[in-house]
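Novice: What follows is a structure written as structure tokens; I'll ask about it next.
Protein chains in written order, with the working numbering: chain A, 378 to 752; chain B, 838 to 935.
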């Protein structure tokens with residue numbers, strides 16, 4: 378298992394840890410509701426160093442990445458970020474990725490279902506031929522040499538502004554910019570999956586501890602602190618952001634998961650393309666949609682069956698408790714002919730409690746009311 | 838499937854399909870209607886529309902269904918499903934008024 382570079386410091390601050398796909402992550406720091414409130418109302422700093430990180434330079438870097446990812450890497454403008462995925466030959470999800478065009482090189486940040494060695498092998502072996510043909514882009518694995526922090530929340534922009542200056546307010550969603558901290562270059566991504574303001578900052582691990590202290594100091598001024606990764610599962614679901622570690626790990630088919638927007642179907646080649654296009658040609662059989670169970674009607678658990686007129690019709694793939702709605706919400710895989718919001722089914726057994734299909738995202742985040750570009 | 842459920846599905850499918858086709862046409866989106874999941878975000882992550890596109894979305898709803906979206910009500914514009922909720926609700930209101 379790959380340990381977090383700042384494990385000891387995080388532990389001293391109260392973090393608990395777990396293993397996920399061969400990598401250590403922070404689970405929680407304080408109680409779940411407190412961490413939830415930090416991000417919905419203030420700002421939460423979370424160690425995202427579990428992400429796998431790559432830098433690819435050289436003129437052919439773009440071609441190499443384009444052969445790997447489902448999205449169109451060649452169309453990423455300077456200082457912009459593409460949110461896409463990496464699939465295997467069967468067209469099943471392997472990694473959710475941000476690919477950033479950082480002028481002289483491309484930076485890739487991955488949340489993957491495989492361990493570091495397996496992912497690196499995919500990068501290396503699957504693209505060796507293309508790299509040779511394209512002239513040899515230099516792929517550098519910077520997973521062990523860099524840390525990543527996620528800064529999320531209604532006040533996240535205030536904490537980031539305090540640290541890096543007012544020009545961060547002009548960063549559009551899915552963009553990247555280089556800043557200086559302690560004499561080193563750090564990359565700031567405007568990207569988040571909580572539906573509040575979100576940023577990822579990547580820095581050399583030599584300044585990781587100092588950067589975390591600076592981020593926490595800025596967060597504390599704006600009603601925040603350190604969070605664990607577990608709360609992000611709930612926040613992603615509430616905001617209907619794709620979570621590869623939850624519904625992604627269970628369903629794996631990007632089409633059933635509604636990830637067509639991450640794919641450029643006109644591209645001639647990317648990993649898993651043939652299998653994905655074949656399934657697309659046949660037409661979808663199932664797709665994932667939102668569900669809700671009132672808090673008074675009991676729990677909602679991953680793997681539970683959903684019934685209609687006495688027959689099992691769907692399965693629950695992701696769940697959380699929404700403090701905003703005071704209800705359990707989730708995602709379930711339904712046959713496409715009944716995959717519509719506004720319908721009622723039974724949960725767990727033919728006469729089980731009512732589970733309702735809902736439109737997602739079910740909440741209106743506070744951050745939606747703030748216009749940074751007008752400040 | 839009982840007839841009430843089938844009617845709900847038919848009504849919603851009709852609204853969603855019309856909306857998807859109109860959005861693809863107006864915004865020149867590189868998707869087929871079945872590629873557009875109803876829950877994906879219209880702005881930012883997802884379809885990645887911008888503030889100029891928002892006007893086209895508003896016009897799309899007006900053109901397809903004769904329904905106006907109140908100004909600055911961005912919560913309705915979060916996804917195709919949230920748009921469909923609003924359209925269905927307004928259609929029901931119009932029925933009651935008539």
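Don't be surprised by glycine CBs; every beta carbon is placed ideally from N, CA and C.
Computed from a predicted structure; not experimentally measured.
1) Got a sec: which bits of the region 615 to 647 of chain A sit with their beta carbon under 9 Å from any beta carbon on chain B, in order along the chain?
2) Does the beta carbon of residue 531(A) come closer than 8 Å to any beta carbon on chain B?
3) Quick one: grab the DSSP three-state call for residue 602(A).
4) Sort 680(A), 720(A) and 575(A) by Cα distance to residue 418(A) and report the nearest one.
5) Can you confirm whether the region 731 to 744 of chain A touches the region 553 to 560 of chain A when touching is taken to mean that 3 or more C-beta pairs between the two stretches lie within less than 8 Å?
6) Which chain B residues sit within Cβ distance under 9 Å of residue 745(A)?
7) Whole angstroms is fine: what's the gap from residue 642(A)'s alpha carbon to residue 388(A)'s?
8) So what does DSSP say about residue 461(A), is it helix, strand or coil?
9) Would you check if the distance between the CB atom of residue 906(B) and the CB atom of residue 913(B) is smaller than 8 Å?
10) Report yes if the CB atom of residue 474(A) is closer than 8 Å to the CB atom of residue 523(A), and no otherwise.
11) With distances taken from CA atoms, which of 601(A), 634(A) and 654(A) is nearest residue 410(A)?
12) What residues of chain B sit near residue 577(A), judged by a beta carbon separation below 8 Å?
13) Could you give the uninterrupted runs of the alpha helix (DSSP H) lying entirely in the region 848 to 914 of chain B, keeping only those of 4 residues or more?
14) Give the residues of chain B in contact with residue 460(A), contact being defined as C-beta atoms less than 7 Å apart.
15) What does a CB cutoff of less than 7 Å around residue 725(A) pick up in its chain, not counting 5 residues either side in sequence?
16) Would a C-beta distance cut-off of 8 Å place residue 608(A) and residue 412(A) closer than the cut-off?
17) Measure the alpha-carbon distance for residue 711(A) versus residue 702(A) and round it to whole angstroms.
18) Using a Cβ cut-off of 7 Å, pull out every chain B residue sitting near residue 689(A), in sequence order please.
19) Between the C-alpha atoms of residue 623(A) and residue 928(B), what's the straight-line distance to the nearest angstrom?
20) So with CB distances below 7 Å, who are the chain B contacts of residue 730(A)?
21) Run through DSSP, which three-state label would residue 450(A) get?
22) Between the alpha carbons of residue 851(B) and residue 647(A), how many angstroms are there, rounded?
23) So is residue 891(B) in contact with chain A if we call contact Cβ pairs under 8 Å?
24) For residue 738(A), decide whether its Cβ has a neighbour in chain B, counting only Cβ atoms nearer than 8 Å.
25) Identify which residue in 845(B), 872(B) and 891(B) has its Cα closest to the Cα of residue 864(B).
26) Name the residues in the region 692 to 721 of chain A whose C-beta lies less than 7 Å from a C-beta of chain B; which are they?
27) Any beta carbon from chain B within less than 8 Å of residue 547(A)'s own beta carbon?
28) Please list the partners that residue 845(B) has in chain A, where partner means a Cβ-to-Cβ separation under 9 Å.
29) Would a C-beta distance cut-off of 8 Å place residue 821(B) and residue 719(A) closer than the cut-off?
30) With a cut-off of 8 Å on the beta carbons, I'd call residue 605(A) and residue 404(A) a contact; round off their distance for me.
Specialist: This is what the structure gives:
1) 616, 617, 618, 619, 632, 634, 635, 636, 637, 638, 640, 641, 642 and 643
2) Start at 1 with the first residue of the first chain, and residue 531(A) comes out as number 154. No, residue 531(A) lies away from the interface with chain B (no Cβ there is under 8 Å from its Cβ).
3) Position 225 of the first chain holds residue 602(A). Residue 602(A) falls in the strand class under three-state DSSP.
4) Numbered from 1 along the first chain, position 41 holds the residue referred to as residue 418(A). With distances taken between Cα atoms, residue 418(A) lies closest to 575(A).
5) no
6) Taking the first chain and counting its residues from 1, the one referred to as residue 745(A) is at position 368. Result: 911, 912 and 915.
7) Reading the first chain from its first residue, position 265 is the one you call residue 642(A). Reading the first chain from its first residue, position 11 is the one you call residue 388(A). About 45 Å.
8) As a first step, residue 461(A) is located in the first chain; it is residue number 84 there, counting from the start. Note: residue 461(A) maps to strand in three-state DSSP.
9) Along the second chain, one-based indexing puts residue 906(B) at 69. Along the second chain, one-based indexing puts residue 913(B) at 76. Yes.
10) Here residue 474(A) corresponds to residue number 97 of the first chain, with the count starting at 1. Here residue 523(A) corresponds to residue number 146 of the first chain, with the count starting at 1. For residue 474(A) and residue 523(A), no; Cβs fall outside 8 Å.
11) The residue given as residue 410(A) occupies position 33 in the first chain. Comparing Cα positions, the closest option is 601(A).
12) Taking the first chain and counting its residues from 1, one reaches residue 577(A) at position 200. Residues of chain B passing the Cβ test: none, with the nearest at roughly 13 Å.
13) 888 to 902
14) Working through the first chain from its first residue, we reach residue 460(A) at position 83. Ordered by position in chain B, the residues that pass the 7 Å Cβ test against residue 460(A) are 882.
15) For the purposes of this step, residue 725(A) is identified with residue 348 of the first chain, where counting begins at 1. The answer, listed in chain order, is 681 and 682.
16) The residue labelled residue 608(A) in the question sits at position 231 within the first chain. The residue labelled residue 412(A) in the question sits at position 35 within the first chain. Taking 8 Å as the Cβ cut-off, residue 608(A) and residue 412(A) qualify as a contacting pair.
17) By 1-based counting over the first chain, the position of residue 711(A) is 334. By 1-based counting over the first chain, the position of residue 702(A) is 325. Each residue's alpha carbon lies about 23 Å from the other.
18) For the purposes of this step, residue 689(A) is identified with residue 312 of the first chain, where counting begins at 1. Near residue 689(A) there are no residues of chain B at all, since even the closest Cβ is about 15 Å away, more than 7 Å.
19) Within the first chain, numbered from 1, the residue matching residue 623(A) stands at position 246. Within the second chain, numbered from 1, the residue matching residue 928(B) stands at position 91. Using only the alpha carbons, I get a separation of about 36 Å.
20) Start at 1 with the first residue of the first chain, and residue 730(A) comes out as number 353. By Cβ distance, chain B contributes nothing, its closest Cβ being about 18 Å from residue 730(A), past 7 Å.
21) Position 73 of the first chain holds residue 450(A). If DSSP states are grouped into helix, strand and coil, residue 450(A) belongs with the helices.
22) Stepping through the second chain from its first residue, residue 851(B) is reached at position 14. Stepping through the first chain from its first residue, residue 647(A) is reached at position 270. Residue 851(B) and residue 647(A): Cα-Cα distance of roughly 34 Å.
23) What you label residue 891(B) is simply residue 54 of the second chain in a count that begins at 1. For residue 891(B), the answer is no, since every Cβ of chain A falls outside 8 Å of its Cβ.
24) Here residue 738(A) refers to the residue found at position 361 of the first chain. True, the Cβ-Cβ gap to chain B drops below 8 Å.
25) Residue mapping note: residue 864(B) aligns to position 27 of the second chain, counting from 1. Out of 845(B), 872(B) and 891(B), 891(B) has the C-alpha closest to the C-alpha of residue 864(B).
26) 715, 717, 718, 719 and 720
27) Here residue 547(A) corresponds to residue number 170 of the first chain, with the count starting at 1. So, not an interface residue.
28) Position 8 of the second chain, counting from 1, holds the residue named residue 845(B). 717, 719 and 720, listed in chain order.
29) Residue 821(B) lies beyond the residue range present for chain B, which begins at 838 and ends at 935; the question has no answer from this structure.
30) Stepping through the first chain from its first residue, residue 605(A) is reached at position 228. Stepping through the first chain from its first residue, residue 404(A) is reached at position 27. About 5 Å; that satisfies the 8 Å criterion.
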